[in-house]
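Engineer: Have a look at the structure that comes next, please.
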Amino acid sequence: MHHSQNRATLGGKLSAVLVAAGSSVGLGNIWRFPYVAGDNGGGAFLVIYILCVLLLGLPVMVAEFTIGRASQRNAVGAYRALNPRWSFLGYNGVLAAFLILGFYFVVSGWTAEYMIHSVTGSLAHFTTPEEYSSIFENFISNPWRPVLYTGLFVLVTHFVIALGVQKGIERSAKLLMPLLFAILITLAIHAMTMPGSIEGLRFFFKPDFSKVTASTILVALGQAFFSLSIGIGTMVTYASYFKPDTNLRHTALNVTILDTLVAVLAGVVIFPAVFSAGIEPSSGPSLVFITLPGIFNTMPLSMVWSSVFFLLLVVAALTSTISLHEVITAYLHEEWRLSRRAAAWTTTAATMVLGTVASLSLGVLGGWKICGLSIFDSLDYITANILLPLGGFFTCIFVGWRLDQQILKAQITNNGALKFRIYRLYIFLLRYVCPIILLLIFLDNLGIF
Ligand code: PFF
Numbered sequence: 267m268h269h270s271q272n273r274a275t276l277g278g279k280l281s282a283v284l285v286a287a288g289s290s291v292g293l294g295n296i297w298r299f300p301y302v303a304g305d306n307g308g309g310a311f312l313v314i315y316i317l318c319v320l321l322l323g324l325p326v327m328v329a330e331f332t333i334g335r336a337s338q339r340n341a342v343g344a345y346r347a348l349n350p351r352w353s354f355l356g357y358n359g360v361l362a363a364f365l366i367l368g369f370y371f372v373v374s375g376w377t378a379e380y381m382i383h384s385v386t387g388s389l390a391h392f393t394t395p396e397e398y399s400s401i402f403e404n405f406i407s408n409p410w411r412p413v414l415y416t417g418l419f420v421l422v423t424h425f426v427i428a429l430g431v432q433k434g435i436e437r438s439a440k441l442l443m444p445l446l447f448a449i450l451i452t453l454a455i456h457a458m459t460m461p462g463s464i465e466g467l468r469f470f471f472k473p474d475f476s477k478v479t480a481s482t483i484l485v486a487l488g489q490a491f492f493s494l495s496i497g498i499g500t501m502v503t504y505a506s507y508f509k510p511d512t513n514l515r516h517t518a519l520n521v522t523i524l525d526t527l528v529a530v531l532a533g534v535v536i537f538p539a540v541f542s543a544g545i546e547p548s549s550g551p552s553l554v555f556i557t558l559p560g561i562f563n564t565m566p567l568s569m570v571w572s573s574v575f576f577l578l579l580v581v582a583a584l585t586s587t588i589s590l591h592e593v594i595t596a597y598l599h600e601e602w603r604l605s606r607r608a609a610a611w612t613t614t615a616a617t618m619v620l621g622t623v624a625s626l627s628l629g630v631l632g633g634w635k636i637c638g639l640s641i642f643d644s645l646d647y648i649t650a651n652i653l654l655p656l657g658g659f660f661t662c663i664f665v666g667w668r669l670d671q672q673i674l675k676a677q678i679t680n681n682g683a684l685k686f687r688i689y690r691l692y693i694f695l696l697r698y699v700c701p702i703i704l705l706l707i708f709l710d711n712l713g714i715f
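Right, dumping it as structure tokens:
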């Protein structure tokens, strides 16, 4: 494998977990999860979500780690090296990473703007939810402000990527992930002491299965894949930098637990606040931008809470945009033989263009629709509900059925150094359970049943 000699590797065990968790924990946990759960019945959604994570997400993550570390290449190169007929899966990943960045950078830009307005105090001048709603709508449909903040976020991401795998990606994860946990735990403790918090927690934790439909299951699945950053080649790319003695199963388990913990904690922060203000929990993507600033405003030290909350979103977003950018940069660098610098700039320029279009699609380009959805919404829908689950499905088929099982076993057990007692169960999940469930959920949503 000609890339392996001069390829970067990550430091110790902890680095592998922090870097992969940095990718997983993001806006998906703090911005997307609470509103999707709110739209789909709260506690019942949480139960289905956790089942999707354990039964489908975890095995796929281990499979992706296997592909990455076995090949030590970018997402496309990895499949090409193992079985050239499957390189389409790598392309699916690079495409999905590009499309996700298109809307993810935009939302990241909003979080940066809200953080700055919280710090300067200008977000504290309003009182009613209508006022907050109108400043949000005005902001996102403004032709240049969100584009400017998107650009700012793209450049910060670029800067980290340009520093390289160890100095950029690894160092930023080691700094930002502990910061994220400290902020989140502080906010969760604070939220639980608020009046009316019990009602929010009850909504979030008490399952009401009458709200569950077939589409709830697809949404939970899409959310699980999106949140764990799987089905897309990100974990393949990151695992290509893992050391030979990194324990793939433990890393995947730790990342999955951390990711789910952050989603649950985000719910614990947000739902009590929403209920104590008497607001509908299903107010959609704008939940954290409209509902929360209004709530912070009614609290003592509102500027501090709101600044800290939006800083949390910025930090979470950044470690994820870094991972998405790296998928494309590593691909261009290794497959197209561009220098890493040129590869990073190409990615930055291309995502900036798509991000600008996605941002403008919420305002001046509002007339541009794909199947009735704005460009922004269709990027989210196509990736989370189609490309990621499809990527996951084919990853299961490839690793379960096509990949040389010696390679799989060698990767999972680190060439026999580790025991894996449930190996057979794992293969069974990968070969039958995951692909069948993924297929059924798909067919169901196409209205086949
Ligand atoms: N997992 C990230 C989140 O939850 O915000 C989003 C994401 C990052 C999805 C990287 C896919 C990916 F490859």
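Counting in our numbering, the sequence shown runs from 267 upward without gaps. C-beta atoms are modelled at their ideal positions from N, C-alpha and C, and glycine is treated no differently.
1) Any chance the CB of G657 is under 7 angstroms from a heavy atom of ligand 1?
2) Please report the residue range of the alpha helix (DSSP H) in which L367 lies.
3) Do F475 and F537 have their beta-carbon atoms positioned less than 8 angstroms apart in this structure?
4) In whole angstroms, give me the CA-to-CA distance for P510 and G343.
5) What span of residues does the alpha helix (DSSP H) with R346 cover, start to end?
6) Excluding five sequence neighbours on each side, which residues of the same chain lie with their C-beta closer than 6 angstroms to the C-beta of K472?
7) So which of L324, L361, P325 and G323 has the shortest CA-CA distance to A341?
8) On the three-state DSSP scale, how would you describe L293?
9) Please classify P551: is it buried, with 16 or more other beta-carbons within 10 angstroms of its beta-carbon, or exposed?
10) Is it the case that the CB of G334 approaches a heavy atom of ligand 1 more closely than 7 angstroms?
11) Evaluate the contact criterion for the segment 446-458 versus the segment 603-623: three or more CB pairs, one atom per stretch, below 8 angstroms.
12) Put K509 into one of helix, strand or coil per three-state DSSP.
13) Taking the alpha helix (DSSP H) that V534 belongs to, which residues open and close that run?
14) Restricting to Cα atoms, I'd like to know which of A532, A336 and A286 is closest to V665.
15) Who are S640's beta bridge partners in DSSP?
16) Can you tell which of I435, F555, P300 and T416 has its C-alpha closest to the C-alpha of V283?
17) Give the DSSP bridge partners of G666, in chain order.
18) With burial defined as no fewer than 16 other Cβ atoms inside 10 Å of the residue's Cβ, what is the status of W352: buried or exposed?
19) Where does P300 sit, in a helix, a strand or coil, going by DSSP?
20) What do you reckon, are the CB atoms on A624 and I641 nearer than 8 angstroms?
21) Which word fits M267, buried or exposed, when buried means at least 16 other C-beta atoms lie within 10 angstroms of its C-beta?
22) Which same chain residues end up closer than 8 angstroms to A583 when comparing Cβ atoms and leaving out the 5 residues on each side of it in sequence?
23) Taking the beta carbon of Y698 as the centre, do at least 16 other beta carbons fall within 10 Å, making it buried, or is it exposed?
24) Does the Cβ-Cβ distance between T649 and L514 come in under 8 angstroms?
25) At which residue ranges does the segment 383-461 contain complete alpha helix (DSSP H) runs of 4 or more residues, listed in the order of the chain?
26) Rounding to the nearest angstrom, what Cα-Cα distance links L669 and S281 in this structure?
27) M565 lies in the alpha helix (DSSP H); which residues open and close that run?
28) Check whether the segment 487-507 touches the segment 583-594, taking contact to mean three or more Cβ pairs, one atom from each stretch, closer than 8 angstroms.
29) Report yes if the C-beta of F492 is less than 7 angstroms from at least one heavy atom of ligand 1; otherwise report no.
30) Less than 8 angstroms separating the beta-carbons of M569 and A390?
31) Using alpha carbons as the reference points, say which of P701, G682, V502 and T512 lies closest to W667.
32) Would you check whether ligand 1 has a heavy atom nearer than 7 angstroms to the C-beta of N295?
Structural biologist: On the basis of the supplied data:
1) No; taking the cut-off as 7 angstroms, the Cβ of G657 has no heavy atom of ligand 1 nearer than that.
2) Run containing L367: S353 to T386, per the alpha helix (DSSP H) assignment.
3) For F537 and F475, no; Cβs fall outside 8 angstroms.
4) The straight-line gap from Cα to Cα measures roughly 19 angstroms.
5) That run of the alpha helix (DSSP H) goes A341 to L348.
6) Excluding positions up to five away in sequence, the list reads G309.
7) That would be L361, whose Cα lies nearest to the Cα of A341.
8) Note: L293 maps to helix in three-state DSSP.
9) The residue in question, P551, is buried, as its Cβ has 16 or more Cβ neighbours within 10 Å.
10) False, no ligand heavy atom lies under 7 angstroms from that Cβ.
11) As far as the Cβ criterion goes, the segment 446-458 does not touch the segment 603-623, which means the pair count is below three.
12) Assignment of K509 by DSSP, reduced to helix, strand and coil, places it in the coil class.
13) Counting along the chain, V534 sits inside the alpha helix (DSSP H) bounded by residues L514 to S542.
14) Nearest C-alpha to V665: A336.
15) Answer by DSSP bridge pairing, in chain order: K635.
16) Of the residues I435, F555, P300 and T416, the one whose Cα lies closest to the Cα of V283 is I435.
17) Answer is none; G666 lacks a bridge partner.
18) With 16 or more other Cβ atoms within 10 Å, it is buried.
19) Reduced to three states, the DSSP call for P300 is helix.
20) Against a cut-off of 8 angstroms, the Cβ pair of I641 and A624 comes out as a contact.
21) Reliability fails at M267, whose pLDDT of 43 lies under 50, so the model's placement of it is uncertain and no value is given.
22) Within the same chain, A583 has close Cβ partners G292, L293, Y370, V373, S374, T377 and F419.
23) That one is exposed.
24) Cβ atoms of T649 and L514: not closer than 8 angstroms.
25) If we require 4 residues or more, the alpha helix (DSSP H) runs fully inside the segment 383-461 come out as 395-407, 411-429 and 437-458.
26) About 28 angstroms.
27) Counting along the chain, M565 falls outside any alpha helix (DSSP H), and DSSP gives it neither H nor E.
28) Short answer: they touch.
29) Look at F492: its beta carbon is less than 7 angstroms from one of the heavy atoms in ligand 1.
30) One thing to note: M569 has its Cβ within 8 angstroms of the Cβ of A390.
31) Of P701, G682, V502 and T512, the smallest CA-CA separation from W667 is found for P701.
32) In this structure, ligand 1 has a non-hydrogen atom nearer than 7 angstroms to the beta-carbon of N295.
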